[in-house]
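Here's the structure we're looking at; comments come further down.
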Amino acid sequence: MYDAKELCTTNIMMPPKKRKQWNAEAMKRAVEAVKNKEMGTLKASKAFGVPKSTLIDYVISKKPVDTLLAIKLGRKATLTNELEEALVEYALEMERRYFDLRASDVRRLAFQLAIRNGLKPPFSCRSAAAGKKWLKSFMSRHPKLSFRKPQGISAARVKGFTKENVQAFFNRVLPKVGFNPAAIYNVDETGITTVQHKHAKVISLKGKRQVAALTASERGALVTIVTCMNAVGRYIPPMLVFPRKNMKPELLNTAHLGSVARCHPSGWIQQDIFTDWLRHFILHVKPSESEQVVLILDGHYSHSRNIDVINISRDNFVHIICQPPHSTNKLQPLDVSFM
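First residue of the sequence shown? That's 1 in full-length UniProt numbering, and the numbers climb one at a time after it.
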């Protein structure tokens, strides 16, 4: 796995350079004049109106002049043609799975794809996404992709939960596993804010009226729990995300057998943490080619805008399907009847 910090660079706006403001035929004649020893590079560059440094490069190159002249100048493509086609396929696959893909999501996916293939893209580490100019150019190269204008939440929620959308959703789920409820899983997260209810006694200077104590009630600590179950009631041991930088084994004391834990300063699920959870899920469910499973989830970016999740699910016979946009309050089993 490649390290994003080592590969990506910070975007720095540089003044545009004027390139190739010379005639190709003049360059060809200048190269021939130098190679035929009719004149030196300095004299030839002045005589034919071509840059001396470029002329020298063309003279010493082992490639034919016509080949060099055919090379397009300018910034190299960030992604190869193969990787761009792969990105298009990721985007189309997400659309088929009901993922609500936005322009910012494609920019993040491009960044992930570049890093995972060891490329050094001119993208910003801070935003972990391709630039808006790159996206515009990418969309022009792939006209079969298009972005729709998003609706307001209230209007979209009403339009998202319709008979047509719900039927289309189930038409995507059921062919994957037939009517086997044991093969249909739902995953979701819930946040729990821990609050200290009782203060322990502390030693203080005798006579001091009040002793200050920083408690969790002043600033609740959020712990995220990732829960998952199938339609017949089988539960996958949960994952807990603690709001801290470093993991301590005692955090899992008295936890459900098989539970796992990760840490992040925010206490919220992150892309890499959800990727770890998916591996945890596969370890317990053990899907195979003959016993494939469906994993239903919402459109949170850590679930759906994650190339690693898509690849791991492909390789392990897990069909990830996102619910129709703005309908989780009606369709997500864990939301409706569990959490």
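Positions of the beta carbon are idealized from the N, C-alpha and C atoms, including for glycine.
These numbers were taken from a predicted model, which means no experiment stands behind them.
According to DSSP, is residue i helix, strand or coil?
{"i": "D298", "result": "coil"}
{"i": "R126", "result": "coil"}
{"i": "P333", "result": "helix"}
{"i": "E38", "result": "coil"}
{"i": "R229", "result": "The question names Arg, but residue 229 in the sequence shown is Met. Three-state result, M229: strand."}
{"i": "S204", "result": "Note that S204 scores a pLDDT of 45, beneath 50, so its modelled location is shaky and nothing firm can be said."}
{"i": "V293", "result": "strand"}
{"i": "L257", "result": "coil"}
{"i": "F170", "result": "helix"}
{"i": "I269", "result": "coil"}
{"i": "L119", "result": "coil"}
{"i": "L222", "result": "strand"}
{"i": "L83", "result": "helix"}
For residue i and residue j, what's the separation of their Cα atoms in angstroms?
{"i": "A255", "j": "Q167", "result": "39 Å"}
{"i": "L331", "j": "T78", "result": "40 Å"}
{"i": "L42", "j": "K52", "result": "6 Å"}
{"i": "R262", "j": "Q112", "result": "22 Å"}
{"i": "K37", "j": "I56", "result": "13 Å"}
{"i": "P324", "j": "A221", "result": "32 Å"}
{"i": "D272", "j": "R141", "result": "30 Å"}
{"i": "L92", "j": "R234", "result": "32 Å"}
{"i": "Y90", "j": "E250", "result": "40 Å"}
{"i": "V59", "j": "A30", "result": "9 Å"}
{"i": "Q270", "j": "E82", "result": "28 Å"}
{"i": "V173", "j": "E291", "result": "15 Å"}
{"i": "L297", "j": "M229", "result": "11 Å"}
{"i": "T328", "j": "C322", "result": "10 Å"}
{"i": "N253", "j": "A114", "result": "40 Å"}
Is residue i near residue j, with beta carbons less than 8 Å apart?
{"i": "residue 351", "j": "F281", "result": "Examination of residue 351 is not possible in this model, given that the chain is present from 1 through 339 alone."}
{"i": "D188", "j": "D335", "result": "yes"}
{"i": "I320", "j": "S313", "result": "yes"}
{"i": "M39", "j": "A26", "result": "no"}
{"i": "V294", "j": "A183", "result": "yes"}
{"i": "P237", "j": "S259", "result": "yes"}
{"i": "V223", "j": "M239", "result": "no"}
{"i": "L87", "j": "A110", "result": "yes"}
{"i": "V65", "j": "K120", "result": "no"}
{"i": "A103", "j": "L68", "result": "no"}
{"i": "N186", "j": "P333", "result": "yes"}
Counting C-beta neighbours from all protein chains within 10 Å, is the total for residue i 16 or more, i.e. buried, or is it exposed?
{"i": "G49", "result": "exposed"}
{"i": "V232", "result": "exposed"}
{"i": "A33", "result": "buried"}
{"i": "I192", "result": "exposed"}
{"i": "T80", "result": "exposed"}
{"i": "M94", "result": "buried"}
{"i": "L257", "result": "exposed"}
{"i": "R305", "result": "buried"}
By Cβ distance, which residues of its chain are closer than 8 Å to residue i, with the 5 residues on each side in sequence left out?
{"i": "L214", "result": "Any reading at L214 needs caution, since the residue's pLDDT is 40, under 50, leaving its predicted position unreliable; the model's value is listed next. If we look at L214 and ignore the five residues flanking it on each side, it has no Cβ neighbours."}
{"i": "P129", "result": "The sequence shown places Ala at residue 129, not Pro. S104, R107, R108, A110, F111, F123."}
Starting from the C-beta of residue i, find all residues in its chain whose C-beta is less than 6 Å away, skip the five residues before and the five after it, and write them out in chain order.
{"i": "K133", "result": "none"}
For a cutoff of 8 Å on Cβ pairs, would you count residue i as touching chain B?
{"i": "K136", "result": "Absent from the structure is chain B; it holds one protein chain and no more."}
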